[in-house]
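Here the structure comes first, spelled out in structure tokens, and everything after it is commentary.
Residue numbers (my numbering): 166 to 497.
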């Protein structure tokens with residue numbers, strides 16, 4: 166059995182797929198398998214991958230018609246044989262070829278925890294690189310007991326809604342039927358939330374190995390739409406019904422960040438705005454001091470100006486940021 170199964174959904178990334186694939190297959194530590202899932206890609210991404218992986222007996226390419234990243238990841242998980250799962254997006258890449266060696270040693274040294282958290286380094290369109298390193302800043306608060314530390318991890322943005330900043334035991338996902346929901350946008354939110362009851366031990370890497378590509382040109386068109394917000398509301402309703410109130414307010418803290426996402430994108434609601442605001446006003450309790458750093462900032466505005474004016478301010482800053490991103494790309 167391999168130590169790692171690396172799962173990479175592929176869809177229309179011909180500009181980036183070579184760097185992604187080579188950053189994985191060129192690792193010095195070779196006890197891993199690479200599973201690429203062709204999600205009905207329409208460009209030359211898969212042809213490039215096939216050329217790179219020719220005669221590589223530890224890599225497989227699975228094919229499906231275009232059904233989205235969730236279906237692709239779930240398919241990859243079914244095929245995986247590694248002890249740990251690593252998810253990589255096909256426009257991102259691993260920083261250097263020593264990463265898996267360091268990760269393997271770290272896992273063994275820390276008695277094979279259920280979950281290893283790491284932070285991404287952000288690679289911007291103009292070549293700028295940024296690494297927050299919240300993990301290093303929070304070293305003294307981490308005990309290795311997941312439930313005991315989770316509120317602190319959430320507050321410091323170390324347990325967030327994404328799969329690619331987590332290395333997780335395959336058996337936890339399979340034994341508890343934790344799959345990515347199909348047909349939803351921002352499906353990482355509910356997937357990450359579903360992990361919480363099943364993790365007992367964890368550790369954090371004090372180094373970054375994942376290069377997350379920000380501000381690439383084709384990402385600009387992926388604006389938030391009404392379906393996106395409705396999907397987030399649907400997921401939040403499920404969690405509100407199942408898990409809140411929760412011990413130590415874990416779920417409230419985790420989902421408060423996504424409640425602020427709704428506030429920041431409220432202008433995307435084109436239909437029943439009254440229903441949207443009824444939901445938001447009913448669940449104002451999610452805006453509380455001490456949930457996350459970002460929620461604290463929104464909370465301060467909320468206490469001064471109220472819910473709807475805070476939403477308008479967040480929308481303004483979101484649009485300003487999006488304009489700056491587009492300007493940055495156009496002027497590379």
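The beta carbon of each residue, even a glycine, is placed where N, CA and C say it ideally should be.
Beta-bridge partners of residue i, as assigned by DSSP
| i | result |
| --- | --- |
| residue 229 | 204 |
| residue 376 | 258 and 286 |
| residue 213 | DSSP output for residue 213 lists no bridge partner at all. |
| residue 369 | 282 |
| residue 199 | 171 and 224 |
DSSP state of residue i mapped onto helix, strand, coil
| i | result |
| --- | --- |
| residue 277 | coil |
| residue 492 | Residue confidence for residue 492 is low, a pLDDT of 44 falling below 50, so the modelled location carries little weight; the figure read from the coordinates is stated next. Reduced to three states, the DSSP call for residue 492 is helix. |
| residue 194 | coil |
| residue 383 | Residue placement at residue 383 cannot be trusted, given a pLDDT of 46 that sits under 50; the coordinates are not used to answer. |
| residue 364 | coil |
| residue 294 | strand |
| residue 218 | coil |
| residue 394 | helix |
| residue 452 | coil |
| residue 484 | helix |
| residue 263 | coil |
| residue 178 | coil |
| residue 479 | helix |
| residue 406 | helix |
| residue 272 | helix |
N-terminal and C-terminal residue of the alpha helix (DSSP H) that residue i is part of
| i | result |
| --- | --- |
| residue 466 | 458-470 |
| residue 190 | 182-190 |
| residue 239 | 234-244 |
| residue 166 | Taken as a continuous stretch (DSSP letters only), residue 166 belongs to no alpha helix (DSSP H), as it is neither H nor E. |
| residue 299 | 299-302 |
| residue 421 | 415-429 |
| residue 446 | 438-447 |
Option in the options with minimal Cα separation from residue i
| i | options | result |
| --- | --- | --- |
| residue 499 | 444, 246, 439 and 399 | The shown model of the chain, from 166 to 497, leaves out residue 499, and the question about it has no answer. |
| residue 345 | 336, 360, 369 and 452 | 360 |
| residue 423 | 353, 440, 233 and 301 | 353 |
| residue 162 | 320, 338 and 427 | Given that the chain is displayed from residue 166 to residue 497, the structure contains no residue 162 and the question cannot be resolved. |
| residue 321 | 173, 460, 467 and 224 | 460 |
| residue 391 | 430, 286, 375 and 416 | 430 |
| residue 357 | 299, 416 and 372 | 416 |
| residue 211 | 173, 311, 445 and 270 | 173 |
| residue 193 | 237, 263 and 177 | 263 |
| residue 225 | 365, 232, 208 and 243 | 243 |
| residue 348 | 213, 217 and 239 | 239 |
| residue 267 | 371, 401 and 402 | 371 |
| residue 373 | 397, 343, 420 and 323 | 323 |
| residue 317 | 275, 414 and 255 | 414 |
| residue 214 | 230, 188 and 236 | 188 |
| residue 221 | 419, 483, 200 and 274 | 200 |
| residue 185 | 231, 453, 260 and 227 | 260 |
| residue 419 | 276, 319 and 280 | 319 |
| residue 452 | 256, 475, 331 and 223 | 475 |
First through last residue of the beta strand (DSSP E) which encompasses residue i
| i | result |
| --- | --- |
| residue 175 | 169-175 |
| residue 252 | 249-252 |
Test: residue i CB closer than 8 Å to a CB of chain E
| i | result |
| --- | --- |
| residue 450 | Checking the listed chains, one finds no chain E in this structure; it contains a single protein chain. |
- Item | Uninterrupted alpha helix (DSSP H) stretches inside the region 305-361 (no shorter than 4 residues) | 311-320, 335-340 and 353-360
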